[in-house]
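A.B. asks:
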C-alpha cells in the first residue's frame, strides 16, 4: 500500500475524525477505514510536519539529494503461495512503491518479527526469496533487525521492508498534475494476487491455474518514463483495495472524475469467476505486480506502446480517461451503455492479503 | 539494537553456520544466538552485497549524499512502562542508532502491526508519544503503513521504525579505528530500561522508584562530536544484550582487548538489587538512553568534560580502556585486584525488552 504520506496532501473535502472505538481488520485493508485512520489520526498527529508527499513514498532532501523513502509491513497468510511468498512480496512491494513514486530503488532494510518455534528453514527460504527479489530488482539489502515473540504472539513471521531511492530526473508525479483528457493506463490483468491468496487458503472450492502477479514493476515504469517522462502525471501500484481504491483516492485528491471502460479492464476468467462467487468486484482485489499510470492525452499512445513492447507489459492497456465530471468520482461504463459508480473498498473481505 | 549490518564487516575468526532447527526467543535477544543468526544466515544470504557498514546504521550514497539508514522492530511488553512506551522507544531507538553511527536524523517512517480489537485510544496514545519523541529529537515522521492481524495473532501492537540521516562531517566511527590506549566512555547509569520493564511486568516482587532511560542521545553525541570530532573512534547504544554484548562485538571486530573498571560502571542500587535477585549481570541489561563511545586517549578527558557539561550527561564516566590483550575479549577488573571475563549475552533472560 505504500507509505501513507500520500494522504498528507489529500485535500479532504471535510475534516476526517477518527472516532472508531477499536482497531478492526478493515483498518488495515487499505480502503475507507484505513483512510479514516490515516486522515483522522496519523496525519494530524504524526505527519503534520511532513515535508511533502510523493505518492507511495515520501520525499526527503539530504545534502541536496532528493531521497524517496517508503515503508511497509507484510503479514500475508499463508507465507508462501503460487507465484511467490512473503519475502518476495516485501521486496517487490517496496521496490514498486518507490518506482511509482518516480524513484529508482537504491537500498532496502528489512525487519523480521518472528514467532518462537518457526522452523529455521522457513525463515531461510524467505531470506533467500528476498535476496533473489532484490537482485532481480537491482537493489541492495543493506541492513536489518530481528525480533522474536513468544509462540502464539505472531502468525509465523511478519516482515517490514523500507526502501530508499533516488528520484528520477524529469518524472514528477502528483494528483495535482492530472488534467481532464489524461488517459489511465494499466500494466496488465488485475486481481491475480488477491484471488491466488484466497485459493491458497482453501477458502474457495475452486481449482485454478492462477499465480500471484508479484514482481518488480520498475522495468515497466522505466520504459514508460523513457518514452513519455514528463507526460506521466501520476502512478500507483493498486495493492490493498485494488484499482478502485487507488483511482478513488486519485479522483478525490485531484477533484476530477475518472471514467473507466468496463470492456477494457483485463481480468482473467479465474479471477472473474472467483469474484462472482464471492460477490466481489475485481476492481477491489489486490495486485502486487501491476501499476496504474495517468498519462497526458497526447502521449498516452506512445506510453502504451512503450509498455506493450517491454517484457511483462504485453497486456498493458488504456482503461479510461480523466474528465471534469463527475468530480471526485470513479465511474465504469459498460458496453451496454450503462455506467456505475465504483467506490473505495469498504470492510476487509480478503484479510491479510499482503 | 540497530540494523544488523554492523555485522557485515565483522571479521569472524571462523565461518559461522546457522544450524539451529528453529527460531527461539534468544535469536531476538541481541546476544550470541542473534549473532549466529545474523552471521550464519543474514550476512551470507542477504547482506552479501552491502556497500559498507556504519555501525548501527548502513551507509548508502545517493546522488553524492551520504545517507545513513537503520531499521528496528519494537515488540516491548508491556506497551507502556514507567518512563516511556513502545512508541517513544521506537522513535528514540531509531534516532539513537543514527546518532551513534555519526548521523543526524532527517526523517523517520513507521509501520504498525496491530492486533484486531486494540482500543483506538491505546493506538492514539502511541501515535502521540511518537510525535512528541520525534519533535524532541528534531526529526520528522514522513510516512508509514498499518497492517491489522486477527485477534490472537499479535500482542496488541508492534512498531517498526526506520530512520534516515545525514552523516556528520568529521565523524568516522568504525571498530577498525580503535587503538590500544583509547578510552571507553559511557553516558550514564546502566540497566534502567531492562529492569524497569521487568518490574512493570510484576515478575519481581520489588518496589522500586525506577524508570526507563529511553531518550534521544543525539544531544550528547553532538556535544561529544563538537568537542573531539575525529577523536571519536566508535560509538554504540547498548540496547539488547547490554554494555557487555556491545563491547564484546567491538572487541571481536577490532581484535583488541577491552578492560573495564568495575568501580567505575554506574549502576543504580535498584538495578543492582534486581540483578542480584535474578542472577544477572547489569552489564547484560538493556539500555535505551545511554551510549558508549571509544575516544582517542589524548581526547578522552575533553570528551568526558563535554558530556558531563551537557544536559543529561552529568553522570557520564570513563569506564575502561582498550588494550592489545586479551585480544577479542572484555575483562572487568574489580577493586580487589581480581578480574573476570564478561561474555556476550547468552539466552534471553529478559524477553521482549524493546
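Protein chains in written order, with the working numbering: chain X, 1 to 354; chain Z, 1001 to 1354. Quick reminder that beta carbons are idealized off the backbone N, C-alpha and C, glycines included.
1. How would you label residue 1121 of chain Z, buried or exposed, when you count the other beta carbons within 10 angstroms and need 16 or more for buried?
2. Relative to the alpha-carbon of residue 363 of chain X, which residue among X/110, X/240, X/231 has its alpha-carbon at the smallest distance?
3. Does any residue of chain X bring its CB to less than 8 Å from the CB of residue 1117 of chain Z?
4. Run through DSSP, which three-state label would residue 1355 of chain Z get?
5. Using a beta-carbon distance below 8 Å, is residue 42 of chain X in contact with chain Z?
6. For residue 49 of chain X, is the classification buried or exposed, using 16 other Cβ atoms within 10 angstroms of its Cβ as the cut-off for buried?
7. Indicate the three-state DSSP secondary structure (helix, strand or coil) for residue 1026 of chain Z in the structure shown.
8. Does any CB atom of chain X fall closer than 8 Å to the CB of residue 1194 of chain Z?
9. Please tell me whether residue 1086 of chain Z has its Cβ less than 8 Å away from any Cβ of chain X.
10. Give the C-beta separation of residue 289 of chain X and residue 196 of chain X to the nearest angstrom, bearing in mind that I take them to be a contact with Cβ-Cβ under 8 Å.
11. Is it right to say residue 165 of chain X is buried, meaning 16 or more other beta carbons lie within 10 angstroms of its own, or is it exposed?
12. For residue 276 of chain X, count the other beta carbons within 10 Å of its own beta carbon; 16 or more makes it buried, fewer makes it exposed. Which is it?
13. With a cut-off of 8 Å, does the C-beta of residue 1027 of chain Z fall near any C-beta of chain B?
14. Count the other CB atoms within 10 Å of the CB of residue 131 of chain X; is the residue buried (16 or more) or exposed (fewer)?
15. How many whole angstroms separate the CB atoms of residue 184 of chain X and residue 1062 of chain Z, which I take to be in contact at a CB cut-off of 8 Å?
16. Out of Z/1188, Z/1308, Z/1034, Z/1254, which one is the CA nearest neighbour of residue 146 of chain X?
17. Could you round the C-beta distance between residue 1258 of chain Z and residue 116 of chain X to whole angstroms and report it? I think they count as a contact, below 8 Å.
18. With residue 1103 of chain Z as the anchor, note down where its alpha helix (DSSP H) starts and where it stops.
19. Just reading off the beta strand (DSSP E) that residue 1071 of chain Z is part of, what are its end residues?
20. If the cut-off is 8 Å on Cβ atoms, which residues from the stretch 1084–1112 of chain Z count as contacting chain X, listed in chain order?
21. In chain order, which continuous runs of the alpha helix (DSSP H) of length 4 or greater are located wholly inside the stretch 1125–1201 of chain Z?
22. Using the Cα positions of residue 1159 of chain Z and residue 249 of chain X, report the straight-line distance between them to the nearest angstrom.
23. Just the Cα atoms here: how many angstroms apart are residue 353 of chain X and residue 304 of chain X?
24. Check the C-beta distance from residue 1266 of chain Z over to residue 1188 of chain Z and give it rounded, since I have them as a contact under 8 Å.
25. With respect to the alpha helix (DSSP H) encompassing residue 1257 of chain Z, which residues constitute its N-terminal and C-terminal limits?
26. Applying a beta-carbon distance threshold of less than 8 Å, which residues of chain X neighbour residue 1264 of chain Z?
27. In chain order, what residues of the stretch 1307–1335 of chain Z put their CB closer than 8 Å to some CB of chain X?
28. Indicate the three-state DSSP secondary structure (helix, strand or coil) for residue 350 of chain X in the structure shown.
29. Between which two residues does the alpha helix (DSSP H) containing residue 240 of chain X stretch?
30. Are residue 1190 of chain Z and residue 1092 of chain Z close, meaning C-beta to C-beta below 8 Å?
31. Would DSSP call residue 1034 of chain Z helix, strand or coil?
32. I'd like to check one pair, residue 178 of chain X with residue 342 of chain X: are the Cβ atoms closer than 8 Å?
33. Does any C-beta atom of chain X lie closer than 8 Å to the C-beta of residue 1021 of chain Z?
34. Would you kindly check if the distance between the Cβ of residue 1083 of chain Z and the Cβ of residue 1211 of chain Z is under 8 Å?
35. From this set, X/99, X/332, X/227, X/28, which residue's C-alpha is nearest residue 56 of chain X's C-alpha?
36. Residue range of the beta strand (DSSP E) that residue 58 of chain X falls in?
C.D. replies: Short version:
1. Taking every protein chain shown into account, the CB of residue 1121 of chain Z has fewer than 16 other CB atoms within 10 angstroms, so this residue is exposed.
2. Examination of residue 363 of chain X is not possible in this model, given that chain X is present from 1 through 354 alone.
3. yes
4. Because residue 1355 of chain Z is not part of the residues shown, which for chain Z are 1001 to 1354, the question remains open.
5. yes
6. Only weak support exists for where residue 49 of chain X lies, its pLDDT of 49 falling under 50; the value from the coordinates is given anyway. Exposed: under 16 other Cβ atoms inside 10 Å.
7. helix
8. no
9. No, its Cβ sits nowhere closer than 8 Å to a Cβ of chain X.
10. Their Cβ separation, rounded to whole angstroms, is 11 Å, which puts residue 289 of chain X and residue 196 of chain X out of contact at 8 Å.
11. buried
12. exposed
13. Of the protein chains in this structure, namely X and Z, none is chain B.
14. buried
15. Going by Cβ atoms, the distance from residue 184 of chain X to residue 1062 of chain Z rounds to 31 Å, so no, they are not a contact pair.
16. Out of Z/1188, Z/1308, Z/1034, Z/1254, the CA that lies nearest to the CA of residue 146 of chain X is found in Z/1034.
17. The pair is not a contact, with the Cβ atoms about 32 Å apart (cut-off 8 Å).
18. Looking at the DSSP string, residue 1103 of chain Z is not in any alpha helix (DSSP H); the run it does join, the beta strand (DSSP E), is 1103–1115.
19. 1065–1074
20. 1106, 1107, 1109, 1110, 1111, 1112
21. 1192–1200
22. 26 Å
23. 29 Å
24. About 6 Å separates the Cβ atoms of residue 1266 of chain Z and residue 1188 of chain Z, confirming a contact at the 8 Å cut-off.
25. Here residue 1257 of chain Z belongs to no alpha helix (DSSP H); instead the beta strand (DSSP E) covers 1257–1261.
26. Within 8 Å Cβ-Cβ: nothing; residue 1264 of chain Z doesn't reach chain X, min ~31 Å.
27. none
28. coil
29. Premise fails: residue 240 of chain X is in no alpha helix (DSSP H) and is neither H nor E.
30. no
31. Of the three classes helix, strand and coil, the one that applies to residue 1034 of chain Z here is helix, per DSSP.
32. no
33. So, interface residue.
34. yes
35. Here the closest residue by C-alpha is X/99.
36. 58–62
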